[in-house]
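Student: Handing you a structure now.
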Amino acid sequence: MIKQHLRSRGQVYSFLTWGQPDTEAWLFLHGFMGSQSDFVPVAQALTGYRISLNLLGFGSQPPAIPPKRLTMTAQIRDLADILTQLQVKKVNLVGYSMGGRLALGFALARPDLINHLYLESSTAGIADAKRRRERQLHDQKLARYLRCNDLASFVDQWEQLPLFASQRQLSLKQQQRMRQQRLMQNPINLAHSLEKMGTGSQPNFWPQLAHLAVKVTLITGQLDQKFSCIGEKLQRMVPVAQWIIVPKVGHNVHFEAPATFATILKGNL
1 MIKQHLRSRG QVYSFLTWGQ PDTEAWLFLH GFMGSQSDFV PVAQALTGYR
51 ISLNLLGFGS QPPAIPPKRL TMTAQIRDLA DILTQLQVKK VNLVGYSMGG
101 RLALGFALAR PDLINHLYLE SSTAGIADAK RRRERQLHDQ KLARYLRCND
151 LASFVDQWEQ LPLFASQRQL SLKQQQRMRQ QRLMQNPINL AHSLEKMGTG
201 SQPNFWPQLA HLAVKVTLIT GQLDQKFSCI GEKLQRMVPV AQWIIVPKVG
251 HNVHFEAPAT FATILKGNL
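Sequential numbering from 1 applies to the sequence shown in full-length UniProt numbering.
Structure follows, in structure tokens:
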């Protein structure tokens with residue numbers, strides 16, 4: 001494992017790599033309050049050239065990032081530039097939750113760079129304009145909370161969301177590692193991310209799904225009812241998609257069941 005940095009359009013990205021650039025490439029995109037460390041157990045179980053990226057503004061105590069650079073459009077441009085700098089012509093793109101939304105946007109914008117798209121517990125946005133506006137207001141409320149309160153209190157509330165209930169069944173060591181990662185984030189960047197690339201602020205990709213011209217695998221956890229319903233809808237809208245439901249886990253499949261997740265990526269499940 002090698003720690004690396006590069007500059008894309010004036011901003012520094014940090015990432016981890018394994019393997020050689022002239023082999024099959026994998027790019028991993030974490031979720032909200034995640035980091036390049038999220039996919040390490042999965043990446044280590046694979047072969048090829050594996051890249052686990054700190055998305056802009058995330059990771060361990062990152063510097064403040066201009067809000068305009070945290071939009072999905074800006075980050076799609078950055079990802080294309082990063083792959084160019086790393087001399088990667090096609091990639092297996094793996095995105096979890098927020099990272100999955102970005103991965104989908106990237107695949108729609110740059111299908112020429114995608115070999116296989118893996119969407120873990122993700123969505124194509126919000127189709128209904130009224131619901132989309134309600135989600136924007138909700139994310140703006142969370143952003144205000146981040147600006148006016150300490151990060152620990154925000155993380156306390158975040159960990160109590162029903163979406164993450166299954167993580168309370170993990171070992172104390174695993175739970176503490178996840179909490180520590182969340183507490184290392186920059187709250188200003190988190191607030192800007194919610195406002196600029198939250199589910200309510202991102203483009204509505206649902207109408208474009210029928211034209212998705214890459215291999216797609218959808219992955220959801222059996223205990224995550226909300227995103228299992230979204231996964232079912234995604235499969236209906238993307239005729240080429242394979243949908244895999246992993247038993248006995250929730251929203252963060254790769255964290256709760258890394259070995260199973262790696263097996264899926266290897267095509268053995």
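No residue lacks a Cβ here, since even glycine has one placed at the ideal position from N, Cα and C. Quantities reported herein were computed from a predicted structural model and do not represent experimental measurements.
(1) Where does Phe255 sit, in a helix, a strand or coil, going by DSSP?
(2) Considering only C-alpha positions, which residue in the set Lys226, Gln202, Arg182, Ala241 is nearest to Met33?
(3) May I ask you to report which of helix, strand or coil DSSP gives Asn189?
(4) Alpha carbon to alpha carbon, how far is Ala80 from Ala213?
(5) In terms of residues, what are the limits of the alpha helix (DSSP H) holding His138?
(6) What separation, rounded to the nearest whole angstrom, lies between the Cα atoms of Leu170 and Arg177?
(7) May I have the straight-line CA-CA distance separating Val155 from Met184, to the nearest angstrom?
(8) When the Cα of Asp22 is compared with those of Val88, Lys130, Tyr145, Phe227, which residue comes out closest?
(9) Grab me the residues of Gly125's own chain with a C-beta within less than 8 Å of its C-beta, minus the 5 sequence neighbours each way, in chain order.
(10) Answer yes if the region 157-170 comes into contact with the region 58-67, meaning at least three C-beta pairs across the two stretches below 8 Å, and no otherwise.
(11) CA-CA distance, Val240 and Val216?
(12) Name the two residues that bound the continuous beta strand (DSSP E) containing Thr217.
(13) Please state the DSSP three-state secondary structure of Ala43.
Tutor: Based on what the coordinates show:
(1) helix
(2) Arg182
(3) helix
(4) 17 Å
(5) 129-148
(6) 11 Å
(7) 11 Å
(8) Val88
(9) Arg101, Arg132, Thr199, Gln202, Pro203, Asn204, Phe205, Trp206
(10) no
(11) 7 Å
(12) 215-221
(13) helix
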